[in-house]
Amino acid sequence: MAEMIATRRGDFLIEQRGPTDAPAIVLVAGLGDDHDSWAGPAAVLARSHRVITFDNRGIGRSPIPPGPYSTAEMAEDVHGLVSELGLGRVNAAGSSMGGAICQEWVLAYPDDVDRLVLSNTWAERDRWLTGLLEHWIELAGRGSGRDLLFQLALFCFSADHLTDHPQTIDEFLDAPLPSLDGFRAAARACQRHEALDRLASLRTPTLIIGGEHDILTRPTLSQRLAQTIPAAELRWLPTGHMTFWEQPDAWTTAVREFLAARP
Numbered sequence: 001m002a003e004m005i006a007t008r009r010g011d012f013l014i015e016q017r018g019p020t021d022a023p024a025i026v027l028v029a030g031l032g033d034d035h036d037s038w039a040g041p042a043a044v045l046a047r048s049h050r051v052i053t054f055d056n057r058g059i060g061r062s063p064i065p066p067g068p069y070s071t072a073e074m075a076e077d078v079h080g081l082v083s084e085l086g087l088g089r090v091n092a093a094g095s096s097m098g099g100a101i102c103q104e105w106v107l108a109y110p111d112d113v114d115r116l117v118l119s120n121t122w123a124e125r126d127r128w129l130t131g132l133l134e135h136w137i138e139l140a141g142r143g144s145g146r147d148l149l150f151q152l153a154l155f156c157f158s159a160d161h162l163t164d165h166p167q168t169i170d171e172f173l174d175a176p177l178p179s180l181d182g183f184r185a186a187a188r189a190c191q192r193h194e195a196l197d198r199l200a201s202l203r204t205p206t207l208i209i210g211g212e213h214d215i216l217t218r219p220t221l222s223q224r225l226a227q228t229i230p231a232a233e234l235r236w237l238p239t240g241h242m243t244f245w246e247q248p249d250a251w252t253t254a255v256r257e258f259l260a261a262r263p
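Just so you know, full-length UniProt numbering puts 212 at position 212 of the sequence shown, and the rest follows in order with no gaps.
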């Protein structure tokens, strides 16, 4: 059941699943996604882990302060949440913007995170991604929420998935609109995210999951992450950007195997 938690960073909506005495994993959502986006993977991971999902600042029932935001600032939100819950050392997984937030989190607080999963994310400024985000920021600024959701669906899923599951676009369009001000502020944080050089010092065991057909955070960005983080392994899935949505079984299997592995 979802609940509001008061932290030093504000009141955040969270949901916890799984045994409270199991190893914890915090799932950090991407741009425009609230905690419900993790419902499928969270249910599977909760068989063996205490799973924490939450609404990032700027979306859902969490604070929507004036922007712009930064991924480092949003990482402070996660650290504050984990501290308030008294979780100690946790595992972490982030998708897209959530992966960027996780990078800043583990760089600032390496003792917070035992093992890290970075899914369909990036760590350096990319002209293609920056330009696309700018277009989405303009759509949100014009109040074109439905057009924004339509474009998110087109860019976040592979052509094969949309062909085989045409209802996906309708599901996106029927979803509650995110706060457009919050979306713009978070998108600006995505545009400015830059952590690649700093990640060369990261010693946290890291699994990088890339989508072979991801046209938003292209495969080369996952490759660069894998080449930079010393303790990283890279796994590909035949998906677009929303890997955990298109291939939920394969994604959760990869994550569970990684979390169970020990040197």
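Glycine is no exception: its CB is placed at the ideal position from the N, C-alpha and C atoms.
Minimum C-alpha distance to residue i - residue among the options
i: residue 224; options: 247, 215, 197, 216; result: 197
i: residue 207; options: 133, 37, 191, 91; result: 91
i: residue 23; options: 68, 51, 166; result: 51
i: residue 147; options: 174, 250, 189; result: 174
i: residue 233; options: 41, 104, 98, 119; result: 119
i: residue 209; options: 185, 201, 243, 180; result: 243
i: residue 144; options: 109, 65, 177, 122; result: 177
i: residue 88; options: 205, 20, 211; result: 20
i: residue 121; options: 71, 25, 166, 2; result: 71
i: residue 17; options: 3, 7, 11, 29; result: 3
i: residue 11; options: 163, 138, 84, 63; result: 63
i: residue 187; options: 153, 129, 215; result: 129
i: residue 170; options: 1, 152, 183; result: 152
i: residue 60; options: 165, 183, 75; result: 183
i: residue 86; options: 139, 69, 7, 102; result: 7
i: residue 220; options: 251, 136, 179, 123; result: 123
i: residue 37; options: 95, 180, 189, 255; result: 95
i: residue 115; options: 218, 229, 127, 248; result: 229
i: residue 9; options: 150, 250, 81, 44; result: 81
i: residue 237; options: 44, 161, 181; result: 161
i: residue 180; options: 249, 138, 126, 125; result: 138
For residue i, three-class secondary structure by DSSP
i: residue 244; result: helix
i: residue 233; result: strand
i: residue 17; result: strand
i: residue 59; result: coil
i: residue 125; result: coil
i: residue 218; result: coil
i: residue 1; result: coil
i: residue 36; result: helix
i: residue 31; result: coil
i: residue 259; result: helix
i: residue 99; result: helix
i: residue 108; result: helix
i: residue 254; result: helix
i: residue 73; result: helix
i: residue 43; result: helix
i: residue 201; result: coil
i: residue 79; result: helix
i: residue 137; result: helix
i: residue 146; result: helix
i: residue 226; result: helix
i: residue 131; result: helix
i: residue 194; result: coil
Bridge partner(s) assigned by DSSP for residue i
i: residue 11; result: 6
i: residue 118; result: 94, 208
i: residue 50; result: 24
i: residue 113; result: 90
Short Cβ contact (8 Å threshold) for residue i with residue j
i: residue 246; j: residue 239; result: yes
i: residue 57; j: residue 33; result: no
i: residue 231; j: residue 203; result: yes
i: residue 55; j: residue 35; result: yes
i: residue 67; j: residue 185; result: yes
i: residue 27; j: residue 42; result: yes
i: residue 165; j: residue 211; result: no
i: residue 25; j: residue 93; result: yes
i: residue 100; j: residue 193; result: yes
i: residue 98; j: residue 30; result: yes
i: residue 106; j: residue 113; result: yes
i: residue 168; j: residue 157; result: yes
i: residue 53; j: residue 14; result: yes
i: residue 216; j: residue 103; result: no
i: residue 191; j: residue 133; result: yes
i: residue 256; j: residue 83; result: no
i: residue 195; j: residue 69; result: no
C-beta neighbour in chain C for residue i, strict 8 Å
i: residue 195; result: Given the protein chain composition of this structure (a single chain), no chain C is represented.
query = What are the start and end residues of each continuous alpha helix (DSSP H) run of 4 or more residues lying completely inside the stretch 150–189, in chain order?
reply = 159–164, 167–174
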